[in-house]
Structures are given as C-alpha cells and as structure tokens.
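Data first, discussion second: the structure below is written as structure tokens.
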Ligand SMILES: Nc1ncnc2c1ncn2[C@@H]1O[C@H](COP(=O)(O)OP(=O)(O)OP(=O)(O)O)[C@@H](O)[C@H]1O
Ligand SMILES: [Mg+2]
C-alpha cells in the first residue's frame, strides 16, 4: 500500500491537479485552435493541389509531386526547427504558433494531396467518358462526378492522417508554443512532480480519442482499399 | 434508305493510331437521317474506336467527321456543344453511382444546357418515362438491375435531344434475360425516327431493325449491305468466316 | 537573396558540421534498428490480441490501441523519460525512446497487420486447418504471408513514419541526426546544418516515399 500511495503522490497529486488545471485547460484551448487551423488550411490546400494535378500540366504536376514527396519524407520537427530558426535571420519574424501552423498545414496538405489524388485516380475512366460524352466540360466533370465520388473514398485514410498530424501540435513545446505539452512540462519542472505530465497526457486522450474512434468507424464503414 | 437528305454523320478517310498500332486505316461512312446502321466485326477490329472518334472521346489521327453538316474537327467547333447532340451508350453503363437515376439524367441538362433544377428534372423524368423507368427515378444505380441501368444510361443521352445515338455493345454486359428490355427501347427509338449507329453482337436484332450492316476488320470496312445480304450471302471471304463463326 | 543563401546554404559550415552529423546519422540508424523490429514484433502481438476469440481480450486490445493512438508520441516519450523517474524508474534516453515508441508504433503496426489478416478470406484458414495444420501453423505459413503482401505499402509507409519519428529523440538529448544538426546550428548561429540534416533525411526516405506511392497505385488499380 505504501508503494501505491507513493505512486499516487508522484502522478496524481490532488493539490497539483487543482493548481495546474487552469494551465492545462489553457493549453488545451491553444492545441485545439492550432489543430483546427491546421486541419482547415491543410486539407483545403491538399484538395487544391490534387485538383491542379488533375489538369495534368506537366511542370505543374512535377512541382506538386516534389512538394508532396519532400513534406512526406521530412520529419516535421526538422521542418519546424528549419522555419523557426531560419526565417528570422532572413528578416521574416513569425510568432512560434504561426510557424507551427504553417509547417503542419504544409505537411497535412502534402498527405491530403496524395490521398485525394489516389481517390481521383480510382474513379473509373468510364465515369469521365460518360460525362464528357454528354458535353459536360472538364472542370464540371471533376466537380460533379469525380470529386464527390473520390472524396467518399478518402474520408477514412484522410481522418487517420489528419489525426496523426494534429497530434504533432505537441512539437510546439520545442519552440515555445504554450500548448498542452508545454504547459505540462513547465508544470512538471516547477512542481518537481509528474502530475502535470499525467494531466497533459489525459488532456490529449480527451481531445483525440473521439477522432480515433471516428477513424476506426469510418474505416470499417468505407473499407475500400482492401475490398 | 433512299432519302436524298444530307447525312447526319459523315466520316471521311478516318484514321486512328495508338503509337505504332494503326487501329483505323481510312474509314468512310455515312449515316442518313433516321437510319440504323449496325457494325459487326472481330474483337480488336476497331469498332469501339470508330464510335469513340465520332464524338472525339478519341482524337482521330486523320480524316474528317461531321455531324449534321458541322465539322467536328474544326477549331471553331465547340466540342461540348456538339457532344450533347451525339448520344453515347457504353457497354458498362457508366452511370454515376452517387446520383439517383433522375440525377444522372438531369446533370447535363443543368450543367450543359443551364436549365433550372425543376425544368431539368421534368425533362429528365420525361426521358426516363420513354425508357419505361419513370417509377425508378429516385433509385440509385446500385439498386437497379443491369438492364434498368442501361436504360437509364440511354435516357441520359436521350434527354439532351441528340441528332444521333452511338451504342457500343449496349447489351454485352447484361444477363441474357435482361437483354430484351434494352433492345425493346432501342426498337422504340428506331420507330420514333432516331438516327443510330450500333456496335453489337445481337444478330437477331440486326436482322429486323437495321437498315444497313457494316462488317469491319483490321481497321477497315470490308463489306456493307442490307442485313439480308451480309448475314445470308456475304461476298467477302473474311465476312463469310466471321458470319460462320458467330452463327455456330 | 544573398542572406538567404548564407543562412540556409553555407557550404563551408555544412562541411564543418558534416562529421558531427554523420555521427548523429549513425545514432539514428542504431535507433531505427532498435525501434523498427520492436514495433513490427509488438504490432504483430497487438494484432493477434485484437483478433482473439475472447471478446474481453479483443476489447481491451482495441482500447489500448486507441489510447496510444490518441497520445502524441512526443508526449509519450517525455512521460517515459521525465515522468517515470518520479516513480523511481530512471531510464537512459535510448531506453526511454525504445519504450515510448514501442507503445506508439505497436498500435499503428498492429492496426495494419489486423487489416491484412482480415483481408485474407476465411477460406484460407479453413483450407489450412482441413489439411491438419495447427492454428499457429496456419497463421505463420498460410495467412500471414498473404496478409503482409496485401498491406505491404502500409507497412512500408508506416516504417517511413517511424524513421521520421526518431527525430523526436533529439528532445530527450539523444545525440541522433537532428540533435547533432541543432547543436551545430546553435554553435554556428546558422541554419545550414539543419538544411544538411534535412538533405540526409531526404536521401534516406524520398525513394521509399516514391516507392510507396507506386505500390499503392498498383494495388488500387
Ligand atoms: N487507348 C488505347 N491505347 C492503345 N491501344 C488501344 C486503345 N484503345 C484501343 N486500342 C487497341 O485498338 C484496337 C481496336 O480496339 P477497339 O476497342 O476499337 O476494338 P473493338 O473492335 O471494339 O473490339 P471488341 O469487339 O473487343 O470491343 C485493339 O487492338 C486495342 O487493343
Ligand atoms: Mg469494343
């Protein structure tokens, strides 16, 4: 029983929970704001890139592929440090939350572009031909026939990928964005106790578990890739 | 057909190559108003390619095509405007799976002809009625049989008021018991005066509905004549061999 | 433009930083050799658990997977590295990374294996069992090979993610590639070492990213 109370004391100390709850809640708000901004800009940019790629203009497609490949191959933390330390010395000063938003949006856009593009490619040629044979133009075919079908096929992989990238908001700790993990580690070193870290972990679980469950449900619902 | 009206479809010296493969090697073809022309030929002879060139889903390599006197290849021709006057029906239906039967038919009416929603839906419903599917207007393709799907596809082309309809093996993907319903619709179209160019293996249908039968092989028209001539007394050796083959 | 080049592409600084970065790269590779096999094996165990006969076992596996998928890997790492000492468990950075990533990666690999195993029809099990193979033999010789082939692109692409993940070890002062690059940056006050590190990551991972895209497209069509 002695070990148990020592464990509780190290990870779930009541006074500390009370003391750090406001900071963790602040952190949650920051995490939600940045994650939401990243999801919106990242997915929209990814969709725009996939649509541009559908025009099959060679130099443009090549640029999009290079962008998507590079951002998928580089660790996000490398990009965060690169932008955070690099830009000020060339005269561009972005606040650290903006750096995080910019980097993660681009990373999500890269993955989203690939997912949307795979969705567009998976639409049978006959769908394009049927539309074109009734005189519907390229852009309308894309808008009314191809994208609505492609988007359905992409929801599950996109949800899972979006979650993975939204979790990277925790990288904000490294450059001093006051999101959950920052608050938790600051609290931990001030209090000399792991309780704020436990609270941080729980905060993430509360925020993200609904998305995990949603992704799982979508995956069984639209199990298309392994059909 | 002894009409002296100008042809609806006029193909001159049509050529098409895929890389080094010459698929069409100089096709000359006229289809007169209200005529039903039937194309037969071995697999790979270029039948589908010919049809697809006629609305430029495939870009011809050479030659000319005109529809109702309009040069399809001319720069000044708005191909999308022309395509709605050329109905096309595919072997695999190619219905839009995310739209109801009505939605499938109404889409081009709204997006190409710019009709209002209610107007487009009224026209679409009328087209569906012509193929006997008015009561299935709200069904999705997955809820329809193959025969019904193909009839919706016909309605989709029909709704745009085409001058000519191209059919590429419209019944080949169907279970035998569903073929009849599609052929019935095609017969009604013919009776209603539609101009049609049909690639199919349905010889019985050809015998009693076609005005003219064309036999193609290796990218060329080998022989043409009335159904009676082609099926009962073909002159060319290749035609004889093909007819003998399919008669078995 | 001049400033930009100097700040990001100072080749003299890159050349000076290169030996340090190569040592870091060595550490990154060691990390990969520890973390990837652990994840692959842990994932397989997780997958088998989540396909267990008992509903209670299946549900607790799913709950554990979802729990670890909801927590950012960096949070897990810091918890293991900086939190566990309060319980008297003091770990080296390498051990902390290995444990944290085992928990994180097993969940991801586990879901991929599970999808793969589910994609193999029940007929394969039946056929294998009807020839007298035990369940374990049927799994190893008949089902797993097909399962792995079916989800190979996902396995490879997750492995790319794992390699990228090793960069987080820099946060707990494990001197891998990114840590070395950041150290060089703080000494030289110049971003070029990080650009160099990015280049090294690209050389390692870009070909694999391309490969995965190709594989996925082939399976989709
Ligand atoms: N997009 C393409 N690229 C390359 N070759 C093609 C393409 N489309 C058709 N072909 C080739 O052109 C030739 C004629 O094809 P087509 O589909 O017109 O024949 P078909 O007479 O309709 O045959 P079937 O009765 O089998 O439908 C075939 O050899 C085919 O392989
Ligand atoms: Mg064909």
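Protein chains in written order, with the numbering used here: chain A, 1213 to 1439; chain B, 874 to 1121; chain C, 20 to 240. Note that CB positions come from ideal geometry on N, CA and C, so glycine has one too.
Contacts with chain B (Cβ-Cβ distance below 7 Å) from the segment 1331-1362 of chain A involve 1338, 1339, 1341, 1342, 1344, 1345, 1346, 1347, 1348, 1349, 1352, 1356, 1357, 1360, 1361, listed in chain order. Per DSSP, residue 885 of chain B lies in no alpha helix (DSSP H) segment; the continuous beta strand (DSSP E) that holds it begins and ends at 882-891. Here residue 65 of chain C is near residue 84 of chain C, since their CB atoms are less than 8 Å apart.
Set against 7 Å, the gap from the CB of residue 1041 of chain B to the closest heavy atom of ligand 2 is smaller.
Using beta-carbon distances, residue 1411 of chain A does not count as an interface residue toward chain C, since no partner is under 8 Å.
The beta carbon of residue 1431 of chain A sits closer than 7 Å to those of 1368, all from its chain and outside the five residues before and after it, given in chain order. For residue 920 of chain B, the distance from the CB to the nearest heavy atom of ligand 2 is below 7 Å. A straight line joining the alpha-carbon of residue 939 of chain B with that of residue 229 of chain C spans about 45 Å.
Proximity of the segment 1235-1254 of chain A to the segment 1389-1401 of chain A meets the contact definition, three or more beta-carbon pairs being nearer than 8 Å. For residue 914 of chain B, the CB falls within less than 7 Å of some heavy atom of ligand 1.
If you look at residue 33 of chain C, you'll find it in the alpha helix (DSSP H) that goes 30-69.
Taking 9 Å as the Cβ-Cβ cut-off, the segment 1067-1094 of chain B has no residue approaching chain A. Where residue 917 of chain B is concerned, there is no enclosing alpha helix (DSSP H), because DSSP gives it neither an H nor an E.
Secondary structure note for residue 894 of chain B: it is in no alpha helix (DSSP H), and the uninterrupted beta strand (DSSP E) holding it is 894-904. Between ligand 1 and residue 43 of chain C, a heavy atom-to-CB distance of less than 7 Å is absent. Annotation for residue 81 of chain C: 69 place their beta carbon closer than 8 Å to its own, counting only its chain and skipping 5 residues before and after. A contact is defined here as three or more CB-CB pairs under 8 Å, and the segment 989-999 of chain B fails this definition with respect to the segment 1064-1077 of chain B. Bridge partners of residue 937 of chain B according to DSSP: B/885. For residue 44 of chain C, the closest of C/233, C/31, C/201, C/114 by C-alpha to C-alpha distance is C/201. Taken from the Cβ of residue 894 of chain B, at least one heavy atom of ligand 1 lies inside 7 Å. The DSSP-derived three-state label of residue 185 of chain C is helix. The DSSP-derived three-state label of residue 1051 of chain B is helix. DSSP places residue 1328 of chain A inside the alpha helix (DSSP H), whose first and last residues are 1308-1333. Interface criterion met: the Cβ of residue 225 of chain C is under 8 Å from a Cβ in chain A.
Comparing C-alpha distances from residue 1216 of chain A to each of C/177, C/215, C/107, C/122 shows the shortest one belongs to C/107. When Cβ-Cβ separations below 8 Å define contact, residue 1232 of chain A makes no contact with chain C. The C-beta of residue 1110 of chain B has fewer than 16 other C-beta atoms within 10 Å across all chains shown, which makes the residue exposed. Straight through space, the alpha carbons of residue 904 of chain B and residue 877 of chain B are spaced by roughly 12 Å.
Contacts between residue 1247 of chain A and chain C, judged by CB atoms closer than 7 Å, are missing: the closest CB pair is about 11 Å apart. Residue state for residue 1081 of chain B is assigned as helix, using DSSP reduced to three classes. Ligand 1 approaches residue 891 of chain B closely enough that one of its heavy atoms is under 7 Å from the residue's Cβ. Relative to ligand 1, residue 1338 of chain A has its C-beta separated by 7 Å or more from all heavy atoms. The segment 927-943 of chain B makes contact with the segment 881-896 of chain B, as at least three CB pairs between them are under 8 Å. Annotation note: the segment 937-996 of chain B contains the following uninterrupted alpha helix (DSSP H) runs of length 4 or greater, listed N- to C-terminal: 952-956, 974-984. Here the distance from the Cβ of residue 935 of chain B to the nearest heavy atom of ligand 1 is not below 7 Å. With respect to the 8 Å criterion, residue 170 of chain C and residue 131 of chain C are classified as neighbours on the basis of their beta carbons.
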